[in-house]
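Notes to accompany the following structure.
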Amino acid sequence: MSPRIDELLAMPPFGVEPEAKSAALLAAVNEAMRHHYEHCPPFRRWCDKQGYRPSTPIRDMVSLPFLPVGIFKRVELSSVGGDQVVRVLTSSATSSQIPSRIVLDQVTRNRQMRALTAMMTHLLGGQRRPFIVLDVLPTPDRAAEQELSARAAGMRGYLMAATSKHYVLRESGAMPTLDVDQLLATVGQLKKGGQQFCFLGYTYLLYQAVVRPLYEQGICLDLPENVFVLHFGGWKKLQDQAVDRATLNAQAAAVFGIPTRNIRDLYGFTEQLGVIYPDEGNGFREIPTYTEVLVRNPQTMQVAPLGQVGLLEFICPLPNSYPGIAILLDDLGRIVERPSEDGQVVQRGFEVLGRAARAEPRGCGDTLPSQVYSADAPATASVTEGNR
Amino acid sequence: MKIRLLFDADGPHISLDATVEEAPIATSLESLLKRLKTGQEALRSIALNDLIGLCDAAAKAWTKANHPLANVIRRYGLGFLPLWMRRGNLETTCARSLRGYPDSLDRFVHWSANDSAHYRAQPRGLVVHWVAGNVPVLGLLSMLQALLCKNANLLKASHVSPGLLPQLLQGFADVEYVNPQGERIAGTLVSEATAAIYVERDDREAACALSEAADVRVAWGGREAVESVMRLPRRLGTEDIVFGPKTSFAVIGAERLSNEADARRVAQALARDCVAFDQQGCNSPHTVFVELGGAIAPDHFAAVLGEEMARVTTQSPPMELSPSEAARVLTVRTEYDMRGEAHYGADLAWTVAYAPEDQGLAEPCYGRTLFVRPVADVFSVVPWVTQEVQTIGLAVDDSRHALADALTGRGAARCPEVGNMRLYDSPWDGLFPMDRLVRWVSTG
């Protein structure tokens, strides 16, 4: 039983009065802390060291002990029995080569689904719609292909909001390519039917397979203004090519013929699936009811003031099967505020400014003899999800 | 080709905290090299004893409380540098490295009654040093050895702390040494034969020009950095000295843990080795193997080590951690809070991690993080050693030489006493650097 978390999830994802949100979120977080303290022995040992006592509720988010995201690569953390685990997720392990390992039970999955449904509903205006998927159709014979199946798993949650799915990329060597005829036919058909629809895909595929080729050919799809382009998966592959948000959005807006505010970058991460942080084409991401976001000064680990850049911390009480309640990421960002559209309230949000650069390659001392170091990478087969 | 001039005979061209972008662009590499060549000619006429005296005078001056470099040395944790530059150390280093005949740097010397030949160590010419970003002062150590061998020096600095080397080099220019004969030896002799520059990593034209100008190439750095230097074209006969990526650890024998006071002595020495160079040197310890069976068990030693790390860190505050380093330290602390024991202070300044089941070398975390691991026997660490291990600090009495023989036989470069890991001595990485910085010549 977790009445506080259920109450929180019953609230709308955005637009809740700050005081009401804080009270509901804090109650849910305290409920989650007690659960994990009681059911996850390594977490309990760590809590004890941090001075946390379940009998003394946390009174503000700032004082909530937080886990560095790297801990999910180092220690297996589970708050449920093995028989309750329905899935094991691994992150993409982009920087350390060791993936995070997250165990999911049905309770967690249900909560993630509820949160994601509420957020997608809010994002798409409460209406499911056809999705043009900027990827290759994951047919059963291709399911064994690791990268494709990983990509398919990563977008499965978003496709809950789809009334139909139209895949417009095809396999072509290392990088899928756009089937332009398929795209134009699908777009024509959906426009003709007068339906609202949207595009969904990984950020690097959106740019490399779709936007750049069409932009270079001077093609504009001239879509209705209510079409959204949703993309996710992070910017690393594009940063390697020196493509930034402004470039992607400008070219995408030209190709799709829609305002840049409809090109939404969905930020999220494996360790707290279910919650997404879409931007509005400008990097501003509103903080939903179900979470709190803090920025910590990397030198002191104290909470940084408004606007100051630091490490992003995400607080979310949804995980039941692992203690991922308060997680400090290695992504840099800052808290920002802006007036709401009607100017009546201040909306609190954040910006993601990229991954904290790994330390300089060490001049000396950086070598670990590979034959003597037994990496502790977990070996359980699983899918890759998350889009950080 | 764009070469930024950080230091030459005219002095530093950037301030201590400046970035490389603030340094002026050199008008011509050729004119810089010509100037260095002239400086080297002057250097050749100076006796080794006088050059050592100059270094000794600089070392004494820099440690005076009111000297401008005193703060720099404190801020960058370079306390070892003035000690290394003292006459006693340099004379020993020269004697060791130059086959027991350091006077060969000044004249032909008759080494043995059984050998009619006379031998002399001639400078090689221009030594170009590719300096590592993590410990820029290392370049100064190779530069000083090259200087004592009367070579001209060109230091290619990293973009990290590019202002540090120019300030230190100016520190030589500002001193004067009066030898026993009353002759005044000006520090400008050093600055006229030395320059520091910066070139972008992808400026291949500049990198090739530096490489082809070098009579000796000294490369400090990580694998990628030193390999890229070695791949550059060079003239036939150019000598290469590579100080590549290495890692280091310490071994504590049970006999050194017979009581709390002994354990604390070892822990204090180890803490000093750890904080030197902010644990970024190839000789900095990361893993500490503690032999079981002593009165002080490994977990207890870890706690004592934590206390000493706290104490030493108070005296030598750490450099600022990058966000990714901070996150890594936090992850190690959290991991060991969960599955072992983590000792740390209120800030991120130091960490000691222990878990009884841990084996082998820990992945270095940096940020003054030490991993204590139990071993049944000090000899059980031998299989962990490869050619990539640089220093193994030993706090071992029983079978010390047998252990050192086994460890160095597998590839370790040196096995000093714990507490001396941080000292840069000779041989280093398996060679006597000065021996490679001269041309040995003879006459019958």
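Protein chains in written order, with the numbering used here: chain H, 1 to 388; chain Z, 1 to 444.
Glycine included, C-beta positions come from ideal geometry on N, C-alpha and C.
Give me the chain H residues within the contact set of residue 327(Z), using Cβ-Cβ distance strictly less than 9 angstroms, ordered along the chain. Taking the second sequence and counting its residues from 1, the one referred to as residue 327(Z) is at position 327. Ordered by position in chain H, the residues that pass the 9 angstroms Cβ test against residue 327(Z) are 68, 69, 70, 298, 311, 328, 329, 330, 356.
Closest to residue 31(Z) by C-alpha separation, out of 220(Z), 274(Z), 327(Z), 213(Z), would be which residue? Reading the second sequence from its first residue, position 31 is the one you call residue 31(Z). Of the candidates 220(Z), 274(Z), 327(Z), 213(Z), the one whose C-alpha sits nearest the C-alpha of residue 31(Z) is 213(Z).
For residue 150(Z), count neighbouring Cβ atoms within 10 angstroms of its own Cβ and tell me buried if that reaches 16, exposed if not. Along the second sequence, one-based indexing puts residue 150(Z) at 150. It is buried - the Cβ of residue 150(Z) has at least 16 other Cβ atoms within 10 Å.
Cα-Cα separation between residue 65(Z) and residue 58(Z), rounded to whole angstroms: Along the second sequence, one-based indexing puts residue 65(Z) at 65. Along the second sequence, one-based indexing puts residue 58(Z) at 58. C-alpha separation (whole angstroms): 14 angstroms.
Quick one: is residue 16(H) near chain Z, going by C-beta distance under 8 angstroms? Within the first sequence, numbered from 1, the residue matching residue 16(H) stands at position 16. Answer no: the Cβ-Cβ gap between residue 16(H) and chain Z never drops below 8 angstroms.
List, from N- to C-terminal side, the alpha helix (DSSP H) runs of 4 residues or more that fit wholly inside the region 97-165 of chain H. 106-124, 146-156
So, with DSSP's three-state summary, where would you put residue 12(Z)? Looking up residue 12(Z) in the second sequence gives position 12. Residue state, collapsed to three classes: strand.
Applying a beta-carbon distance threshold of less than 7 angstroms, which residues of chain Z neighbour residue 75(H)? Locating residue 75(H) in the first sequence gives position 75, where the first residue counts as 1. Within chain Z, the residues near residue 75(H) are 335, 338, 339.
Closer than 7 angstroms at the beta carbon, the chain Z residues around residue 236(H): For the purposes of this step, residue 236(H) is taken as residue 236 along the first sequence, with counting starting at 1. Residues of chain Z passing the Cβ test: none, with the nearest at roughly 14 angstroms.
Considering only the alpha carbon of each residue, which of 148(Z), 156(Z), 50(Z) lies closest to residue 20(Z)? As a position in the second sequence, residue 20(Z) is number 20, starting the count at 1. Measuring from the Cα of residue 20(Z), the nearest candidate turns out to be 156(Z).
Which residues, in chain order, does the region 253-279 of chain Z contribute to contact with chain H at a C-beta distance below 7 angstroms? none
Distance between beta carbons of residue 76(H) and residue 44(H), contact taken as under 8 angstroms: As a working mapping, residue 44(H) is identified with position 44 in the first sequence. As a working mapping, residue 76(H) is identified with position 76 in the first sequence. Their Cβ separation, rounded to whole angstroms, is 15 angstroms, which puts residue 44(H) and residue 76(H) out of contact at 8 angstroms.
Between residue 11(Z) and the rest of its own chain, which residues show a CB-CB distance below 6 angstroms, the 5 nearest in sequence each way excluded? Along the second sequence, read from residue 1 onward, the residue named residue 11(Z) stands at position 11. Within the same chain, residue 11(Z) has close Cβ partners 170.
With a cut-off of 8 angstroms, do at least 3 Cβ pairs link the region 354-363 of chain Z to the region 263-283 of chain Z? no
Members of the region 394-427 of chain Z near chain H, C-beta cut-off 8 angstroms: none
Hey, how far is the Cα of residue 362(H) from the Cα of residue 328(Z)? On the first sequence, residue 362(H) is found 362 positions in, with the first residue counted as 1. On the second sequence, residue 328(Z) is found 328 positions in, with the first residue counted as 1. Confidence in residue 362(H) is poor, its pLDDT being 36 and thus under 50, which makes the residue's placement unreliable; the coordinate value appears in the next sentence. Cα to Cα, residue 362(H) sits roughly 15 angstroms from residue 328(Z).
Spatial neighbours of residue 107(H) within its chain, please: CB distance less than 6 angstroms, with the 5 preceding and 5 following residues excluded, ordered by chain position. Walking along the first sequence from the start, residue 107(H) turns up at place 107. The residues are 320.
DSSP state of residue 29(H) mapped onto helix, strand, coil: Within the first sequence, residue 29(H) is the residue found at index 29, counting from 1. The answer is helix: DSSP assigns residue 29(H) an H, G or I state.
Buried versus exposed, by CB contacts within 10 Å (16 or more), residue 25(Z): For this step, residue 25(Z) is matched to residue 25 along the second sequence. Looking at its Cβ environment, which holds fewer than 16 other Cβ atoms inside 10 Å, residue 25(Z) is exposed.
Count the other CB atoms, across all protein chains shown, that sit within 10 Å of the CB of residue 203(H); report buried if there are 16 or more and exposed otherwise. As a working mapping, residue 203(H) is identified with position 203 in the first sequence. Buried, because 16 or more other Cβ atoms sit within 10 Å of the Cβ of residue 203(H).
Assuming residue 410(Z) contacts residue 391(Z) under a Cβ cut-off of 8 angstroms, what Cβ separation, rounded to an integer in Å, is found between them? Along the second sequence, one-based indexing puts residue 410(Z) at 410. Along the second sequence, one-based indexing puts residue 391(Z) at 391. Not quite, the Cβ-Cβ distance comes to about 14 angstroms (not below 8 angstroms), so this is no contact.
Taking only beta-carbon positions, decide if residue 298(Z) is within less than 8 angstroms of chain H. On the second sequence, residue 298(Z) is found 298 positions in, with the first residue counted as 1. No, no contact with chain H.
Taking Cβ to Cβ, would you say residue 375(Z) is nearer than 8 angstroms to residue 122(Z)? Within the second sequence, residue 375(Z) is the residue found at index 375, counting from 1. Within the second sequence, residue 122(Z) is the residue found at index 122, counting from 1. Contact flag unset, no.
So, is residue 345(H) buried or exposed, given that buried needs 16 or more other C-beta atoms within 10 angstroms? Along the first sequence, one-based indexing puts residue 345(H) at 345. Under this definition residue 345(H) is an exposed residue.
Please work out which residues of its chain come closer than 6 angstroms, Cβ to Cβ, to residue 404(Z), disregarding the five sequence neighbours upstream and downstream, and give them in chain order. Taking the first residue of the second sequence as position 1, residue 404(Z) is located at position 404. Here the set comprises 415.
Please compile the residues from chain Z whose C-beta is within a distance smaller than 8 angstroms of the C-beta of residue 54(H). To locate residue 54(H), count along the first sequence from 1; it is residue 54. Residues of chain Z passing the Cβ test: none, with the nearest at roughly 17 angstroms.
So residue 192(Z) packs on residue 39(Z), CB below 8 angstroms; how close in whole Å? Start at 1 with the first residue of the second sequence, and residue 192(Z) comes out as number 192. Start at 1 with the first residue of the second sequence, and residue 39(Z) comes out as number 39. Going by Cβ atoms, the distance from residue 192(Z) to residue 39(Z) rounds to 4 angstroms, so yes, they are a contact pair.
Under 8 angstroms between C-beta atoms of residue 348(Z) and residue 362(Z): Residue 348(Z) sits at position 348 when you count from the first residue of the second sequence. Residue 362(Z) sits at position 362 when you count from the first residue of the second sequence. No.
Simplified DSSP assignment, three categories, for residue 387(H): Numbered from 1 along the first sequence, position 387 holds the residue referred to as residue 387(H). Reliability fails at residue 387(H), whose pLDDT of 42 lies under 50, so the model's placement of it is uncertain and the value that follows must be treated cautiously. Residue 387(H) falls in the coil class under three-state DSSP.
Using a cut-off of 7 angstroms between C-beta atoms, extract the partners of residue 42(H) located in chain Z. Counted from its first residue, the first sequence places residue 42(H) at position 42. The contacting residues are 338, 339.
Taking DSSP as the reference, what is the three-state secondary structure of residue 366(H)? Position 366 of the first sequence, counting from 1, holds the residue named residue 366(H). With a pLDDT of only 34 at residue 366(H), under the threshold of 50, the placement of this residue in the model should not be trusted; the figure read from the coordinates follows. Correct three-state label for residue 366(H): coil.
Straight-line gap, residue 425(Z) to residue 417(Z) (C-alpha atoms, nearest Å): Sequence index remark: in the second sequence, residue 425(Z) carries index 425 (1-based). Sequence index remark: in the second sequence, residue 417(Z) carries index 417 (1-based). Their Cα atoms are separated by approximately 13 angstroms.
Taking residue 109(H) as the query, report the chain Z residues whose CB atoms sit under 8 angstroms from its CB, ordered along the chain. For this step, residue 109(H) is matched to residue 109 along the first sequence. Within 8 angstroms Cβ-Cβ: nothing; residue 109(H) doesn't reach chain Z, min ~25 angstroms.
Using a beta-carbon distance below 8 angstroms, is residue 308(Z) in contact with chain H? In the second sequence, counting from the first residue as 1, residue 308(Z) sits at position 308. Chain H contact via Cβ: absent.
Any chance the region 65-76 of chain H sits against the region 334-352 of chain Z, with 3 or more Cβ pairs inside 8 angstroms? yes
Quick one: using the 10 Å Cβ neighbour count with 16 as the cut-off for buried, is residue 21(H) buried or exposed? As a working mapping, residue 21(H) is identified with position 21 in the first sequence. With 16 or more other Cβ atoms within 10 Å, it is buried.
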